[in-house]
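All residue numbers for the sequence shown refer to our numbering, where the first residue is 2 and numbers rise by one. In this text, a Cβ means the ideal position worked out from N, Cα and C, and glycines have one as well. Report on the following structure.
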Amino acid sequence: MATEAYDQKRLSALLEAGIALTSELSLDAVLQKLVETAGVLTRARYAALGVIDSSGKGLERFLTHGIDPETHQAIGELPKGRGILGVLIREAKPLRLHNLSEDPHSVGFPPNHPPMRTFLGVPIMLRGVAFGNLYLAEKEDGTDFSAEDEELERLVIDLVASKTGKVFQRKRSERVDSVVDDPEVDQAVARRMGATTSLHVPLVVRERAIGVMSAHDKLGSDPRFTEDDLRLAEAFAARATIAVDLSKRVTRDALRHAVEAQELERRRLARELHDEIGQDLTSILLTLKRIEEGKTPGDIGPAAEMLRELVVTALQDVRRLAVELRPKALDDFGLVPALERLGQMVQEQTEMSVEVQERLGGERLPADVETAFYRIVQEALTNVVKHARAGTVSILLTHRDGSAAAVVEDDGQGFDPSAEHEGLGLLGIRERLGLLDGRLRIESSPGKGTTLVAEVPLR
Ligand SMILES: Nc1ncnc2c1ncn2[C@@H]1O[C@H](COP(=O)(O)OP(=O)(O)OP(=O)(O)O)[C@@H](O)[C@H]1O
Ligand SMILES: [Mg+2]
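Next comes the structure, spelled out in structure tokens:
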């Protein structure tokens with residue numbers, strides 16, 4: 002690779018890491034990005050980061066790059082920080098090796114570990130304390146890691162302890178008119194970025210910093226930011242923070258409802274398993290006992306007949322429960338046949354007539370939409386059976402203008418959607434749709450039947 006192009010790539014990787022560090026909200030995501038960037042910059046096939054535990058002697062976290070999940074699993078337990086990794090933890094000095102396993106400190110690799118020869122280890126110091134180490138192995142072209150690689154690693158690491166990191170800690174916004182004169186700024190990084198001024202605003206939610214927004218070099222003749230710019234950025238950050246906080250809370254609430262609904266569903270299935278299948282099996286046992294005690298061959302005919310009936314009922318119950326849990330037809334044949342089967346089952350169990358119409362032009366919907374529609378129709382039908390006293394219910398699948406819809410219409414007694422208390426059924430439907438950016442519409446009024454429309458955009 003031409004040096005210039007290579008430098009360009011290194012620079013953009015660095016910048017990318019900088020952006021990630023200031024935009025990622027979780028420490029793990031930031032550290033993972035750091036590992037990846039370190040690997041790209043030095044052209045190492047494998048990169049890893051070990052976080053030193055509170056005892057200061059071992060590792061509590063180990064993030065890797067370049068090792069696929071299967072290999073990860075095959076290797077098993079994460080390294081504890083013995084051998085070469087231990088040397089790095091103790092001495093907190095960079096270490097470059099031509100061949101890892103030839104070093105006298107090496108304790109060898111666990112089984113299934115990919116072979117690694119060339120190695121570079123760099124300590125990560127955060128505010129003067131050894132936080133962890135970056136490990137790189139197997140430089141792409143087979144050569145040893147260089148002093149320059151070592152320097153680059155330091156650059157990446159410094160980003161973590163950068164100006165942004167400090168603003169994050171202090172939770173106070175800041176305007177820097179001259180980056181060169183700011184002792185907190187890593188000058189090497191600033192030079193590479195070509196930045197002369199900066200503006201940093203922390204995103205703070207209930208006293209806790211969740212991120213930092215940074216801008217460099219105002220456009221126009223004067224690259225310095227003004228107090229007004231700072232205030233504008235703060236106002237923007239405040240809004241962004243509220244949005245992040247709100248979306249987190251909404252996600253948490255939605256998740257809680259979803260878990261509650263699932264738990265309710267499980268409880269119902271458990272009850273059915275216990276009541277119906279449990280009872281079927283108990284009856285079978287009792288009949289068997291009677292046969293054993295009776296011991297008269299003449300009695301066996303009717304008893305066997307009874308046993309057969311009981312087994313048939315138990316089988317039907319098991320099948321029905323299996324279909325409710327996850328209909329095989331949905332995976333094997335798709336949504337329409339699965340709904341037809343569901344409709345048929347409801348029709349057999351009730352006096353209601355159920356019809357299914359498909360206007361999808363024979364095309365299958367994305368798998369997550371199919372599952373959602375199946376569950377939604379299932380709950381809608383349960384509601385019709387439970388509340389509607391309907392004679393007919395029709396299920397319609399359509400798509401138009403980039404969205405798909407499932408419509409369930411009954412001719413029952415209807416209800417007032419604005420007045421009626423919502424149970425977990427409709428809530429569950431809304432949440433399923435929410436996850437797919439879809440929405441629910443209910444048209445119903447007392448005496449006029451109910452139409453439920455579940456609509457999902459198709460991407
Ligand atoms: N097709 C329908 N016909 C008449 N009323 C309906 C229909 N669907 C829903 N409702 C009314 O809306 C209410 C809310 O339905 P929802 O499914 O959320 O709760 P639920 O069925 O009462 O309880 P859950 O689903 O948690 O077991 C019902 O109690 C019922 O009064
Ligand atoms: Mg319901």
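Delimiting residues of the beta strand (DSSP E) encompassing residue i
i: M353; result: Unbroken run through M353: none, as it is neither H nor E.
i: M214; result: R209 to H217
i: S445; result: R440 to S445
i: A48; result: A45 to I53
i: L397; result: T393 to R401
i: D411; result: S404 to D411
i: A455; result: T451 to P458
i: R176; result: E175 to V177
i: L96; result: L96 to L98
For residue j and residue i, believed in contact at Cβ under 8 angstroms, the rounded distance
i: G40; j: G67; result: 6 angstroms
i: V386; j: V357; result: Not quite, the Cβ-Cβ distance comes to about 16 angstroms (not below 8 angstroms), so this is no contact.
i: L50; j: L79; result: Going by Cβ atoms, the distance from L50 to L79 rounds to 12 angstroms, so no, they are not a contact pair.
i: V370; j: L382; result: With a Cβ gap of about 18 angstroms, V370 and L382 do not count as contacting.
i: E141; j: R257; result: Between R257 and E141 the Cβ distance is about 47 angstroms, and since that is not below 8 angstroms, they are no contact.
i: V457; j: L437; result: 5 angstroms
i: L461; j: F146; result: The shown model of the chain, from 2 to 460, leaves out residue 461, and the question about it has no answer.
i: A407; j: V378; result: 6 angstroms
i: G413; j: S446; result: The pair is not a contact, with the Cβ atoms about 12 angstroms apart (cut-off 8 angstroms).
i: L434; j: A373; result: 7 angstroms
i: G133; j: L96; result: Not a contact, Cβ separation roughly 14 angstroms.
i: L308; j: L270; result: Going by Cβ atoms, the distance from L308 to L270 rounds to 26 angstroms, so no, they are not a contact pair.
i: H99; j: T119; result: 6 angstroms
Helix, strand or coil at residue i [DSSP, three-state]
i: E5; result: Because the pLDDT of E5 is 49, which lies under 50, any placement of that residue in the model is unreliable, and the question is left without a value.
i: L322; result: helix
i: H388; result: helix
i: I68; result: coil
i: K140; result: strand
i: E293; result: helix
i: E364; result: coil
i: G448; result: coil
i: E423; result: coil
i: G133; result: strand
i: T73; result: As written in the sequence, residue 73 is His, which differs from the Thr given in the question. Of the three classes helix, strand and coil, the one that applies to H73 here is helix, per DSSP.
i: G87; result: helix
i: R225; result: coil
i: G59; result: coil
i: G195; result: coil
i: L461; result: The chain is shown from 2 up to 460; residue 461 falls before or after that span and cannot be answered.
i: P203; result: strand
i: F120; result: strand
i: E78; result: coil
i: E359; result: strand
Beta-carbon proximity list for residue i, same chain, < 7 angstroms, skipping 5 on both sides
i: S107; result: G84, I85 and L101
i: D54; result: L60 and E61
i: V180; result: V186, A191, A196, T197, T198 and S199
i: E359; result: V337 and L398
i: I278; result: A315, D318 and V319
Residues near residue i by beta carbon distance below 6 angstroms, same chain, minus five either side
i: V202; result: S174, M214, A234, E235 and A238
i: A93; result: P124 and A131
i: G82; result: G59, L60 and I90
i: P367; result: none
i: N113; result: A75 and I76
i: S284; result: L311
i: Y47; result: G67, A138 and E139
Spatial neighbours of residue i in its chain, beta-carbon cut-off 8 angstroms, leaving aside the 5 residues before and after
i: R171; result: P203
i: I443; result: P418, L427, T451, T452, L453 and V454
i: A262; result: L425, L428, G429 and E432
i: Y375; result: P328, L331, L336, A339, L340 and L343
i: A461; result: Absent from the model: residue 461. The displayed extent of the chain is 2 to 460, so no value can be given.
Residue i - containing alpha helix (DSSP H), residue span
i: H258; result: E228 to E273
i: D332; result: K329 to D333
i: E166; result: Correcting the residue identity first, residue 166 is Gly in this sequence and not Glu. Element bounds for G166: K164 to R171.
Residue i beta carbon near ligand 3 (any heavy atom closer than 8 angstroms)
i: K387; result: The model depicted lacks ligand 3 and carries ligand 1 and ligand 2 instead.
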